[in-house]
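> Same order as they appear, the protein sequences are chains P, E, C and Y.
Heads up: the first sequence begins at 15 in the numbering used here, then just goes up one per residue.
Heads up: the second sequence begins at 15 in the numbering used here, then just goes up one per residue.
Heads up: the third sequence begins at 15 in the numbering used here, then just goes up one per residue.
Heads up: the fourth sequence begins at 15 in the numbering used here, then just goes up one per residue.
The C-beta atom is built at its ideal place from N, Cα and C for all residues, glycine as well.
The structure displayed is predicted, hence computed values, not measured ones.
Structure incoming, see below.
4 protein chains.
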Amino acid sequence: MTEERIPVAVLGATGYIGQEFVRLLADHPRFDLQVLGGTARRRGSRLEDLWHLADPPPEALARRPVETVGPSALRRRGIRAIFSALPSGIAGPIESELSRQGMAVFSNAADHRMDPEIPLLIPEVNADHLGLADRRPRGRGLLVANANCSTTGLVLALAPVKELLAPRTIQVTTYQALSGAGLPGVPSLAITDNVIPYIPEEEEKIERETARILGRRRGGRIGPWPCRVLAQCARVGTREGHLLAVTVEATQRPPRAELERAWSHFDPLRAERLPTAPSPPILLRREADRPQPLRDRWAGSPRRAQGMAAVVGRIRWDPPFLRFFTLTHNAVRGGAGGSVLNAELVDRRGIELTAGRGRD
Amino acid sequence: MTEERIPVAVLGATGYIGQEFVRLLADHPRFDLQVLGGTARRRGSRLEDLWHLADPPPEALARRPVETVGPSALRRRGIRAIFSALPSGIAGPIESELSRQGMAVFSNAADHRMDPEIPLLIPEVNADHLGLADRRPRGRGLLVANANCSTTGLVLALAPVKELLAPRTIQVTTYQALSGAGLPGVPSLAITDNVIPYIPEEEEKIERETARILGRRRGGRIGPWPCRVLAQCARVGTREGHLLAVTVEATQRPPRAELERAWSHFDPLRAERLPTAPSPPILLRREADRPQPLRDRWAGSPRRAQGMAAVVGRIRWDPPFLRFFTLTHNAVRGGAGGSVLNAELVDRRGIELTAGRGRD
Amino acid sequence: MTEERIPVAVLGATGYIGQEFVRLLADHPRFDLQVLGGTARRRGSRLEDLWHLADPPPEALARRPVETVGPSALRRRGIRAIFSALPSGIAGPIESELSRQGMAVFSNAADHRMDPEIPLLIPEVNADHLGLADRRPRGRGLLVANANCSTTGLVLALAPVKELLAPRTIQVTTYQALSGAGLPGVPSLAITDNVIPYIPEEEEKIERETARILGRRRGGRIGPWPCRVLAQCARVGTREGHLLAVTVEATQRPPRAELERAWSHFDPLRAERLPTAPSPPILLRREADRPQPLRDRWAGSPRRAQGMAAVVGRIRWDPPFLRFFTLTHNAVRGGAGGSVLNAELVDRRGIELTAGRGRD
Amino acid sequence: MTEERIPVAVLGATGYIGQEFVRLLADHPRFDLQVLGGTARRRGSRLEDLWHLADPPPEALARRPVETVGPSALRRRGIRAIFSALPSGIAGPIESELSRQGMAVFSNAADHRMDPEIPLLIPEVNADHLGLADRRPRGRGLLVANANCSTTGLVLALAPVKELLAPRTIQVTTYQALSGAGLPGVPSLAITDNVIPYIPEEEEKIERETARILGRRRGGRIGPWPCRVLAQCARVGTREGHLLAVTVEATQRPPRAELERAWSHFDPLRAERLPTAPSPPILLRREADRPQPLRDRWAGSPRRAQGMAAVVGRIRWDPPFLRFFTLTHNAVRGGAGGSVLNAELVDRRGIELTAGRGRD
């Protein structure tokens, strides 16, 4: 790890996740945000004039213009890593090209999440999956995907207890926030006084991504996780924070205290002190009515990790069935924050941003 | 069935369910609503001054005063049947006394739902459970309970397919509307931009009531339904209409078309033409994003049965797992309308309102 | 008035106001809705697949396809009158061409509202302004505009009392519903837990349209109404129903009872019994907390006129200042219903749809 | 000003405003929060178990028990100043008794706001009104009221421009947040998809308090402010932040630039550097659509003063009419924060908390 901060860009900086990236990177100890990338339509506008989050934009960046800049130009300007908030569908080829040109890409898009050689990474859960990228060609930039916003919350909550339970099936039903749909997103007339029991592709993403992240790596491959995941997803009228109702059918029957201990003590990254890592990453609430989006979305400490913790509550262990609710901030932990944490892990562990260039 | 309308009262007429009773009974072909019962605090106030529903009160009753009137007075005034919207906890002993004094009680309260001799009735599903009341003592009024608002939606959706599927387990996760909590109910500061993953006693009610209603009657007893029901309940910020996400693990594998046919053709009461019975009681929606509370809460025809149908959609049959969403109006089908339909069934079938008095 | 129904089309039938037109015209006694016009992108889709209103589409039209059809084709198909829900900006030239080709146009768009020869019409208020169209060229179709959704509510409430008060200034502040912005309209992330104190062009429309509608016609011209109108407009998170807070500074001081009588007795169209005319058009509420969007948006009788009445309440007369709140359904009275009523008035009074063709 | 922190108590610590007091005083440089007062029903409960705000309780106080403690006990425990979040109606006599026993009271209740000898204080506006308390009897504690939540926003926005405009009338229409009603407050069924155009006593408070605060003190009396204030108040479904639409009819016609300068440069307390004082207290926004509750409620710097600034926007100066919108956080600037700032001013200026005791 060098002393100097790494020059980075955010692509898609005018969208909801893009602006969370900007917020999280504004004064980051390791990354130096130099480029705010946006579409030609937005080019030249100042960040503050396009700002969509409720809280104001970071002062240092508020007047920074949005730029429309391709891979070559980014490389010429010395950008070493990209945080991609590009829309799924558009992101894939651009991210591939960025990687070919030697830049590391930390992506929030779905396009590469199931590529066999791409780590689909949640640092606390499957840091060893980073090894999938070991054999990429010389000169190629590292490409790391974060998980879908709902998947992230589910996997974080399951990780500490999955060995204890050896689940046979997992049912997950979601109460997803409006910001999960980005901007302009859900029309107010569609959701006011309503719930929409459908989010395109979401259930499939949860099912396949969970299986991949919780699968075991053997060399360059991920072995399938032997548990059936069944998802039902709905949009509700909250601003931020995806709430999940989970039912696990287990094949083992550990005591309840052991489950709670597993959750409470889970903190595999503690020693690495990543700037954006919540410690602990999972908070158990014992009240009858938590977690709630309004009250738990910003969980996580230290301050830089607010919105990065998963909050688990209403645990009922009625073997073989374990039920609980879990909540994570979809745009922070389940979006921009997930990729920032991925990049911090890569940086801390000294993994090469560009293959074959030696230590970064 | 006599020609004359049966004199009835609504108790708890100032609450949310009570006012749905009033709305449904205002011009009912078989029941003549003569008394609006309320607490002493409300006594003398006119219905319109206490009206809480969004639509205006029925014109004919708007200026009718709320009365505070006990069982004996109700009997003296010739009331033959009571629709009880009394709060659970308070309802039990009053309903028992009304029955002892010979009046029939159709109750929305939870207090008597698990009493072995009380039918917990959804007419399309377990009309034969009415037989539980056959052996009540001479002079005793019939007491029939409707099911919990969420239970009603779940059971209606399951009834047509349960024989085809022979479920092993059923997972149900709810998105429950504000009106389910009655009045004053959920504070706006608790629910605005929020979801509350807890509704006291709700999960237990769903689990035990579903098992009872779907159980088989053998003489005076209900045999247990051999399927595990697991519920997780949450309050969302919609006004009306409880949405349920259901996952069934089946032990049989009928073709999908057969399941859809079972749902579509389900209409066991068609021939009886009960005034408030929706025909058909279940509507299948094939759109990607239905049912929705806003758009489907008032489903059901004829006009008097609006809000009485269950709407089923997003069916995925991936054996052994069947997933779907279902929606019912909690305060109509899952509340007042459920009891009105129960009373209509009793009336149509000529069951005695008061035991041993001969045909009513 | 002939016995046969007049063949009509709705243009912009896939938008929010367009669908209110469809709903109101579905079984209209005088108009026969034959064409649902929409953009090429929607052509061929069935109405029910594009339906946006919470209540289901009229059964008779649900499977009717949307057509993309120009003025000449409309004329060839015998369409005599057009209800235009085209977006302002696009509507102007199309409506002019329709008129040139001899079809009457009843428009919800803003484009022609200030044209000197076009009646900007609210039947109860300025029916005599229809005379502006008397001198249009032979063969030209009648073109009548309805007022902006907020203007309509303000003018209806002022009409009965303006002579009594002779206002010097009028301040109006609005609480406007989401549906006023049409579809897709306001993003949910923009308005959830928020108020937006800006609606483009709205304040200007209220100020100039009010002055025009309340102005006096002298032959072919409207004299200016000598009162300053000052508007401040904001969007709130309600679905339907624009609420207005009004303060009038009067130059006369009638007794309060006279003001109330003026409002209550106002019903200038009673004798004409237009199908969609509310009778009375203004409802006074005496409760402390009315009118409310949720409870008063559908005010108006008979049944066909639901959503057509203005509800006035919280009247405080503290001379020279009169304060009150008023509410009207923006998409019904302030939108589609306004134009339907305009057309009904034209039809009832035997005004020629096409100039110089003799009685229609 | 002594070095030691002053021992203080919050009464009504379990309500919404009470908890804002707790949040603002948790680590205050001048006040040492020693007692959380609540009703007997709450006694002994820990603060965190009664916590209602979305963000978590201050860590240092989370496990502090709520106490039920009267004036004498507070005095015996050495409490010198009370922050009163007691409900209006109940607050009056208790606050009087606290004052009689020598404790200073900074009250959020309405009870004493119009008492001639009680300063109704907004430090940036009428700090000189503190002189009203000069002649209180020896031994009597200082009693200072803050203004109603809407009044505060109106007065702050008017203060810098009132001399320039010399208003003849002021119309104010409000969009008030749910938290203004405290807890449990507005039922969700009353406000979801609704606006309620009535808040008991609110309009009267705005009118009389504005006149008092902007009036001129002459010795022990406040001369009336010669301008008519007319308010219309409504509750909307936002969580926090009261938005006001204001129309001023002026008798003078300064250039617009002068008005803007007056607002921008307004910062009468800058030199005193009170911990909770926003500097500047008024923020002008030039965007078309600001201020908004969601985005501007937490305006104010430094950090401790977040939620203490008034945000003014959509200024239109069309002489003699000035229109603008203004927003303040009702529970912070318009509630607890107002009283904390009052106390800071008293402390900084060395005004005696207890009359005749010499410098505090």
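State the DSSP-derived secondary structure class of P:G26, mapped to helix, strand or coil.
coil
> Have a look at E:N344, E:T183 and E:S353 and flag the residue whose alpha-carbon is nearest the alpha-carbon of E:V119.
E:S353
> Would you kindly work out how many angstroms separate the C-alpha atoms of C:A74 and C:R299, rounded to a whole number?
37 Å
> Would you list the residues sitting across from P:F9 in a DSSP beta bridge?
In this structure chain P extends from 15 to 374, so residue 9 of chain P is not present and cannot be described.
> Assign P:G349 to one of two classes, buried (16 or more other C-beta atoms within 10 Å of its C-beta) or exposed (fewer than that).
Buried: at least 16 other Cβ atoms inside 10 Å.
> Please report the distance separating the alpha-carbon of P:T340 from that of P:L257.
6 Å
> Which residues of the region 194 to 211 of chain P have a Cβ closer than 8 Å to any Cβ of chain C? Give them in chain order.
Cβ contacts with chain C come from L197, P198, G199, V200, P201, S202, L203, A204, I205, T206 and D207.
> Going by DSSP, what residues sit across from P:W331 in a beta bridge?
P:L336.
> Out of curiosity, what's the CA-to-CA distance linking Y:A264 and P:A23?
When only Cα atoms are considered, Y:A264 and P:A23 end up about 52 Å apart.
> Taking only the alpha-carbon atoms, compute the straight-line gap between Y:G106 and Y:G314 and give it to the nearest angstrom.
Each residue's alpha carbon lies about 31 Å from the other.
> On the DSSP bridge list, what partners appear for Y:V243?
Bridge pairing for Y:V243: Y:I184 [DSSP].
> To which residues does DSSP link E:Q190 through a beta bridge?
E:R249
> Suppose the cutoff is 8 Å on Cβ atoms and the five residues either side in sequence are ignored; what does the same chain contact list for E:F335 look like?
T261, V262, E263 and A264
> On the criterion of 16 or more Cβ atoms from any shown chain inside 10 Å, does P:G327 qualify as buried, or is it exposed?
If you draw a 10 Å sphere on the C-beta of P:G327, you find 16 or more other C-beta atoms in it, and that means buried.
> In the DSSP assignment, find the alpha helix (DSSP H) that holds E:G349 and state where it starts and stops.
Counting along the chain, E:G349 falls outside any alpha helix (DSSP H), and DSSP gives it neither H nor E.
> Is there contact between the region 262 to 281 of chain E and the region 163 to 183 of chain E, where contact requires at least three CB pairs shorter than 8 Å?
yes
> If you measure between the beta carbons of P:Q306 and P:C247, is that distance less than 8 Å?
no
> Counting only Cβ pairs nearer than 9 Å, list the residues of chain Y close to E:L192.
P201, S202, L203 and T206
> Using a cut-off of 9 Å between C-beta atoms, extract the partners of Y:R299 located in chain P.
Neighbours of Y:R299 on chain P: none; closest Cβ ~11 Å, over 9 Å.
> Return the residue from the list E:P214, E:A357 and E:P151 that minimises the CA-CA distance to E:N162.
E:P214
> Quick check: C:R127 and C:A95, are their CB atoms within less than 8 Å of each other?
No Cβ-Cβ contact shorter than 8 Å links C:R127 with C:A95.
> Along the region 227 to 255 of chain Y, where does the CB come closer than 7 Å to a CB of chain E? Name the residues.
G251 and R253
> Going along chain E, which residues have a C-beta under 7 Å from C:A68?
L308 and R309
> Per the DSSP calculation, P:R235 is bridged to which residue(s)?
For P:R235, which the question treats as bridged, DSSP gives the partners P:R232.
> Give every residue of the same chain whose Cβ lies closer than 8 Å to the Cβ of E:V80, excluding the five residues on either side of it in the sequence, and list them in chain order.
Counting only Cβ-Cβ distances below 8 Å, and skipping sequence neighbours, we find A27, T28, L50, G51, G52, R56, R57, G58, S59, R60, L61 and L64.
> Counting Cβ pairs, one atom from each stretch, are 3 or more of them under 8 Å apart for the region 169 to 176 of chain P and the region 269 to 279 of chain P?
yes
> Looking at chain E, is there any beta carbon in it that lies within less than 8 Å of the beta carbon of P:Y189?
yes
> With 8 Å set as the bound, which would you pick, yes or no: does the beta-carbon of P:P333 sit closer than that to a beta-carbon of chain E?
Contact of P:P333 with chain E is not assigned, every C-beta pair being separated by 8 Å or more.
> P:Q185 touches chain E at which residues, Cβ-Cβ below 7 Å?
Against P:Q185, the close residues of chain E are Q185 and T261, in the order they occur along the chain (beta-carbon pairs closer than 7 Å).
> Any idea which residues DSSP pairs C:T206 with across the strands?
DSSP, once it has assigned bridges, lists no residue as partnering C:T206.
> Can you grab the Cα-Cα spacing for the pair Y:I136 / Y:V325, in whole Å?
16 Å
> Tell me which residue opens and which closes the beta strand (DSSP E) that E:E301 is part of.
Segment: none, E:E301 is in no beta strand (DSSP E) and carries neither H nor E.
> Cβ of C:V139 within 8 Å of Cβ of C:L170?
Pairing C:V139 with C:L170 gives a Cβ-Cβ distance under 8 Å.
> Curious, which full-length beta strand (DSSP E) runs of at least 3 residues does the region 246 to 290 of chain P contain?
256 to 264
> Please state the DSSP three-state secondary structure of P:E223.
If DSSP states are grouped into helix, strand and coil, P:E223 belongs with the helices.
> Does the distance from the C-beta atom of E:G255 to that of E:N344 stay below 8 Å?
yes
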